[in-house]
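One structure is given here, and the rest of the page talks about it.
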Amino acid sequence: MVLYFIMFGTLGTVSAIYIIRKIRELQWGWVKSTSSLKDKLFIITGANTGLGYETSKHLVKRGAKVILACRDSTNAEQAISKIRQYTGNGEMSFIKLDLSSFESIKTFANTIKSDYPNFDCLINNAGLAKKEHSLTADGFEMHFGVNYLGHFLLYNLLEDNVRRNKSRVVVVTSSLHERGKIDFNEFTNTNTNPESNSRHNKYYANSKLANFYFARELYKRGVDCHTLCPGLCYTSLFRDYKPKWYHFVAFSPVIWLMLRTAEQGAQSIIHCATDNINTEELNPYTGYYIKNLKQTKSKHVFEDVISTRLYEESLRLCSK
Ligand SMILES: NC(=O)c1ccc[n+]([C@@H]2O[C@H](COP(=O)([O-])OP(=O)(O)OC[C@H]3O[C@@H](n4cnc5c(N)ncnc54)[C@H](OP(=O)(O)O)[C@@H]3O)[C@@H](O)[C@H]2O)c1
C-alpha cells in the first residue's frame, strides 16, 4: 500500500512538473516567421556559443549573412562549421573581436567599415559573469567593460553606418537589471570579489542595467533600438560558478520549471533582430523590454539624469 502511494505520488509529481513545464514553454513563445532574410546582413557579438550561436543558426537558416564577432578563432570556426552542418550551407564570416580591449574593438570596427559597411542589424549579445574580480585591458571592471562599455564603443565607432543604413541595434540585457545600480565610482575601481559584497554578482546586474540605459538612450536619439531579456537559459554564461551536487538537488524545481534551452532563450533575440516593433508607448525609453517575445515593463525606475550622464561619461571613458 505504502509502495503504491509512493509510486503514484512520484508519478503525479513528475507529470505535474512536466505539464507545468510545457505550459511555461508555450508562454515563453517561439518565433514563427520563416520569411526569407536573404540579402540581410547581421553582426552578432559572442556568436560562438549559447544564445549568440543559436541566434546565428536561426538567421543563417533563413538566408541571412551573419558576421560572427568572437574573441576566439577556433571556437568561432567550429561554430560556423556546426551551423553549416545544420543549415546545409550559409553565408558566415568570422571577425575577431575582444570586447575587453579597446584596440580590438577599434580594429574590428575598421574592418566592418571597410568590408561590410551596409549591415542591417548589430546584435550586442556577448557577455560574461565572473566570480573573481578582474579588469579589462583598459582598466575597467570586467562586467562593466565587456557587457556594457565595449558594446558602447563598438556602437559609437559604427554609428555613422547604423544611421546611414537605418540598421537595427539589439541590446541583450537581463531581468537582473532590476537589481542593478549605476555607480559612477565603480567603473574602474573595485578590488573586491563580486561575491564578497552580496549574495548575487552585483557587477553583472549593474552592467545589465547599464545595457538598458544604453538602449534607452539610443532609442531616444532616434536609433531603431530593441532590448530584451532571454530568460534564465542553460548556456556557459555561469561557467565560472561550479555548483555542487546539492545545489542541483535544491534548485532542481527551478531548473525544471524555469531553465530554457539556449534555443528557447534565443527566440527573444531573433524577434528583436527581425520583427519587433517599438511604439510611442512601448519602447526602451519608456522602460519596456522584450521578454517572452512581448513588450514588458521594467520595474526599474529610470532616471533621465543618469541616462544622459552615463552616456556622456561613457563617451569620455572611451576617448581616453
Ligand atoms: N544565460 C542566461 O541565463 C542569460 C540570462 C539573461 C541574459 N543573458 C545574456 O545573454 C547574453 C549571451 O549570454 P549566454 O547565456 O549565451 O552566455 P555564453 O554561452 O557564455 O555566451 C557568451 C558569449 O559572449 C562571449 N564573450 C565573453 N567575453 C567576451 C569578450 N571579452 N569579447 C568578445 N566576446 C566575449 C563568449 O565568448 P567565449 O566563448 O570566447 O567566452 C560567448 O560567445 C549575455 O549578454 C548575457 O548577459 C543570459
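Numbering (the numbering used here), first residue to last: 11 to 330.
Just so it is clear, CB atoms sit at the ideal spot from N, CA and C, and this is done for glycine as well.
(request) Count the other C-beta atoms from every protein chain shown that fall within 10 angstroms of the C-beta of leucine 13, then say buried if there are 16 or more, exposed otherwise. (result) Leucine 13 is exposed by the Cβ-count criterion.
(message) Need the endpoints of the beta strand (DSSP E) that glutamate 313 sits in, please.
(response) That residue, glutamate 313, is in no beta strand (DSSP E); it is neither H nor E in DSSP.
(request) Could you check if aspartate 108 is buried or exposed, using at least 16 other CB atoms within 10 Å of its CB as the buried criterion? (result) buried
(message) In chain order, what are the residue ranges of uninterrupted beta strand (DSSP E) at least 3 long that sit wholly in the segment 206-277?
(response) With a minimum length of 3 residues, the continuous beta strand (DSSP E) runs that stay inside the segment 206-277 are 234-239.
(request) With serine 46 as the anchor, note down where its alpha helix (DSSP H) starts and where it stops. (result) Neither: serine 46 is in no alpha helix (DSSP H) and is coded neither H nor E.
(message) For the structure I just gave you, are there three or more beta carbon pairs, one from the segment 168-188 and one from the segment 138-156, closer than 8 Å?
(response) no
(message) Tell me the rounded alpha-carbon separation between tyrosine 298 and phenylalanine 18.
(response) 44 Å
(request) Report yes if the C-beta distance between leucine 159 and lysine 191 is below 8 Å; otherwise report no. (result) In this structure, the beta-carbon distance from leucine 159 to lysine 191 does not fall below 8 Å.
(request) With a floor of 3 residues, list each beta strand (DSSP E) that falls wholly inside the segment 16-97, ordered by position along the chain. (result) 51-55 and 75-80
(message) By the three-class DSSP mapping on this structure, what secondary structure does serine 329 have?
(response) Annotated three-state conformation of serine 329 is helix, per DSSP.
(request) May I ask you to verify whether the segment 119-136 touches the segment 51-58, counting CB pairs closer than 8 Å and requiring at least 3? (result) In short, these stretches touch, since the Cβ pair count reaches three.
(message) Here's the rule I'm using: 16 or more other beta-carbon atoms within 10 Å means buried, otherwise exposed. How should alanine 74 be labelled?
(response) It counts as buried.
(request) From the DSSP output, read off the bridge partner residues of valine 182. (result) Leu238
(request) Could you pull out every residue in the same chain whose Cβ sits closer than 7 Å to the Cβ of phenylalanine 324, ignoring the five residues on either side in sequence? (result) It should be noted that the sequence gives serine, not phenylalanine, for residue 324. Closer than 7 Å at Cβ, skipping near neighbours: Leu159 and Phe162.
(message) Tell me the rounded alpha-carbon separation between serine 208 and glutamine 305.
(response) For serine 208, the predicted structure reports a pLDDT of 47, less than 50, and the residue's modelled location is therefore unreliable. The matter cannot be settled from this model.
(message) Below 8 Å, how does it come out for the segment 219-230 and the segment 266-274: are there three or more Cβ pairs, yes or no?
(response) no
(message) With H, G and I counted as helix, E and B as strand and the rest as coil, what does DSSP make of isoleucine 300?
(response) strand
(request) Grab me the residues of alanine 86's own chain with a C-beta within less than 6 Å of its C-beta, minus the 5 sequence neighbours each way, in chain order. (result) Asn58, Leu78, Cys80 and Phe104
(message) Taking contact to mean 3 or more Cβ pairs, one atom from each stretch, closer than 8 Å, check whether the segment 161-179 and the segment 270-280 are in contact.
(response) A contact between stretches requires three or more CB pairs, one per stretch, nearer than 8 Å, and the segment 161-179 fails this requirement with the segment 270-280.
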